[in-house]
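Chemist:
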């Protein structure tokens, strides 16, 4: 078989042998086969799904892991918030105690009203300025800040408690300091020392001082203390003793009635009895003694001295 090729330009013909025809046909068939295979492969690629079962399982596993991680973070956050809530409650309780201590110290120290006010925020101020970029505020760790605040509150609380104890000790010393008269109204009718006995006229020693007044008027404690005796005593009539510590005892005799009992804690200026004339007495009055370690002292030294503040 021969293949004749005719040229359009020159009208010439060229004859190809059968061998070249075979080669040409093989090439055409090969190209058609290759084109068909390429088209089939492309079609198969287009029809194949993007997400198969394995990809879906992988995505599902990833989402589950992320969900568990988020749940863990949420639980840890809730635990921290609960712990922080408890911590803040403790700090609020401490602040309340510090405020109460401050108010008591203000009263104990007799400070002027308004000088310290624990119910308002402290006054602060100053001109505003733009800080350099390197000095800008950087937010500290929140829990570390809470702990630092807790330590500061605890330190202030300890200082206030110490100051309160010192003031209380000073106040107690002032309360137990013997000073003043055992009556609110009346006059001194007999002094300490030798005198003429009102019953027999002889010279006799008097261990205390007498304050005369109206029958039934108040007899008051000249210092804070504890009642150690409250009963009838020979010569003294109805009498009571108050122990003030440090060896000091005050005695009140010839009373009409007693307003306190043994073991009772007495405040300075408290009414402890009513004036009368019980025992060896010529009229309504109170016999007042001051004893140090059981030995009588001159009461006028305590009556006339200024009370501690």
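Numbering (our numbering), first residue to last: 3 to 311. For each residue, glycine too, the CB sits at the ideal point set by N, CA and C. Fair warning: this is a prediction, and the values are worked out from it, not measured in the lab.
Taking the straight line between their C-alpha atoms, what separation do you get for residue 218 and residue 284?
Modeler: Your numbering for residue 218 matches position 216 in the chain shown. Your numbering for residue 284 matches position 282 in the chain shown. So the two alpha carbons sit approximately 15 Å from each other.
Chemist: Taking the beta carbon of residue 64 as the centre, do at least 16 other beta carbons fall within 10 Å, making it buried, or is it exposed?
Modeler: Here residue 64 refers to the residue found at position 62 when the chain shown is read from its first residue. It is exposed - the Cβ of residue 64 has fewer than 16 other Cβ atoms within 10 Å.
Chemist: Report the residue ranges of all alpha helix (DSSP H) runs contained in full by the stretch 196-228; include only those spanning at least 4 residues, in chain order.
Modeler: none
Chemist: Which of the three DSSP states, helix, strand or coil, is assigned to residue 272?
Modeler: In the chain shown, counting from the first residue as 1, residue 272 sits at position 270. Coil at residue 272, not helix or strand.
Chemist: Which word fits residue 201, buried or exposed, when buried means at least 16 other C-beta atoms lie within 10 angstroms of its C-beta?
Modeler: By 1-based counting over the chain shown, the position of residue 201 is 199. The residue is exposed, with fewer than 16 neighbouring Cβ atoms inside 10 Å.
Chemist: Which residue marks the beginning of the alpha helix (DSSP H) containing residue 305, and which one marks its end?
Modeler: The sequence position of residue 305 within the chain shown is 303, counting from 1. In the DSSP annotation of this structure, the continuous segment of the alpha helix (DSSP H) that includes residue 305 starts and ends at 302-305.
Chemist: Who are the near neighbours of residue 300 in its chain, counting only those whose CB is closer than 7 Å to its CB and skipping five residues on each side?
Modeler: On the chain shown, residue 300 is found 298 positions in, with the first residue counted as 1. Contacts found: 194.
Chemist: Are residue 256 and residue 278 closer than 8 Å when you measure CB to CB?
Modeler: Residue 256 sits at position 254 when you count from the first residue of the chain shown. Residue 278 sits at position 276 when you count from the first residue of the chain shown. Yes.
Chemist: With a Cβ-Cβ cutoff of 8 Å, do residue 226 and residue 274 count as a contact?
Modeler: Numbered from 1 along the chain shown, position 224 holds the residue referred to as residue 226. Numbered from 1 along the chain shown, position 272 holds the residue referred to as residue 274. Cβ distance not < 8 Å, so residue 226 and residue 274 don't count as in contact.
Chemist: Does DSSP put residue 18 in a helix, a strand or coil?
Modeler: Counted from its first residue, the chain shown places residue 18 at position 16. Caution applies to residue 18, whose pLDDT of 49 falls short of 50 and renders its modelled position unreliable; the value that the coordinates give is listed next. Residue state, collapsed to three classes: strand.
Chemist: Kindly indicate which residue of 186, 205 and 233 has the alpha-carbon position closest to the one of residue 216.
Modeler: Translated into positions along the chain shown, residue 216 becomes position 214. For residue 216, the nearest C-alpha among the options comes from 186.
Chemist: Per DSSP, which residues does residue 256 bridge with? Please list them.
Modeler: Mapped onto the chain shown, residue 256 falls at position 254. The partner list for residue 256 (beta bridge, DSSP) is empty, contrary to what the question assumes.
Chemist: Considering only their Cβ atoms, is the gap separating residue 287 from residue 213 smaller than 8 Å?
Modeler: Along the chain shown, one-based indexing puts residue 213 at 211. Along the chain shown, one-based indexing puts residue 287 at 285. If you check the CB distance, residue 213 and residue 287 come in under 8 Å.
Chemist: Within 10 angstroms of its Cβ, does residue 86 collect 16 or more other Cβ (buried), or is it exposed?
Modeler: Along the chain shown, one-based indexing puts residue 86 at 84. Result: exposed.
Chemist: Would you call residue 291 buried or exposed, if buried means 16 or more other Cβ atoms sit within 10 Å of its Cβ?
Modeler: Translated into the one-based positions of the chain shown, residue 291 becomes position 289. Residue 291 should be labelled buried.
Chemist: Please classify residue 241 as buried or exposed, where buried requires at least 16 neighbouring CB atoms within 10 angstroms.
Modeler: Along the chain shown, one-based indexing puts residue 241 at 239. Classified as buried, residue 241 has 16 or more neighbouring CB atoms from the shown chains inside 10 Å of its CB.
Chemist: Going by alpha carbons, who is nearest to residue 249 out of 59, 262 and 294?
Modeler: In the chain shown, residue 249 corresponds to position 247, counting from 1. The shortest Cα separation from residue 249 among 59, 262 and 294 belongs to 294.
Chemist: Do you know offhand how far residue 178's Cα is from residue 298's?
Modeler: Here residue 178 corresponds to residue number 176 of the chain shown, with the count starting at 1. Here residue 298 corresponds to residue number 296 of the chain shown, with the count starting at 1. Taking the straight line from one Cα to the other gives about 18 Å.
Chemist: Could you check where the beta strand (DSSP E) with residue 262 kicks off and where it finishes?
Modeler: Locating residue 262 in the chain shown gives position 260, where the first residue counts as 1. Per DSSP, residue 262 belongs to no beta strand (DSSP E) and is neither H nor E.
Chemist: Residues bridged to residue 239 by DSSP?
Modeler: Here residue 239 refers to the residue found at position 237 of the chain shown. According to DSSP, which records beta bridges pairwise, residue 239 is partnered with 235.
Chemist: Report the three-state DSSP secondary structure of residue 90 (helix, strand or coil).
Modeler: Here residue 90 refers to the residue found at position 88 when the chain shown is read from its first residue. Note: residue 90 maps to helix in three-state DSSP.
Chemist: Below 8 Å on the Cβ atoms is my guess for residue 221 versus residue 276; work out the distance and round it to an integer in Å.
Modeler: Here residue 221 is taken as the residue at index 219 of the chain shown, counted from 1. Here residue 276 is taken as the residue at index 274 of the chain shown, counted from 1. Indeed, because the Cβ distance is near 7 Å, the residues count as touching under 8 Å.
Chemist: Apply the 10 Å Cβ neighbour rule to residue 188 and answer buried if 16 or more other Cβ atoms are within range, or exposed otherwise.
Modeler: To locate residue 188, count along the chain shown from 1; it is residue 186. With 16 or more Cβ atoms within 10 Å of its Cβ, residue 188 is classed as buried.
Chemist: What first and last residue would you give for the beta strand (DSSP E) that runs through residue 193?
Modeler: Counting from 1 along the chain shown, the entry for residue 193 is found at position 191. For residue 193, no beta strand (DSSP E) segment is defined, and its DSSP state is neither H nor E.
Chemist: In the DSSP output, what is residue 299 paired with across the bridge?
Modeler: Here the question's residue 299 lines up with position 297 in the chain shown. Partner(s): 292.
Chemist: Going by DSSP in three states, residue 247 sits in which element: helix, strand or coil?
Modeler: The residue labelled residue 247 in the question sits at position 245 within the chain shown. Strand at residue 247.
Chemist: List the residues that DSSP assigns as beta-bridge partners of residue 278.
Modeler: Position 276 of the chain shown, counting from 1, holds the residue named residue 278. Beta-bridge pairing links residue 278 to 287.
Chemist: Residue 239 and residue 280: beta carbons closer than 8 Å?
Modeler: The residue labelled residue 239 in the question sits at position 237 within the chain shown. The residue labelled residue 280 in the question sits at position 278 within the chain shown. Yes; because the gap between Cβ atoms is below 8 Å, this pair is in contact.
Chemist: Does residue 230 come out as helix, strand or coil in the three-state DSSP assignment?
Modeler: For the purposes of this step, residue 230 is identified with residue 228 of the chain shown, where counting begins at 1. It is a strand residue.
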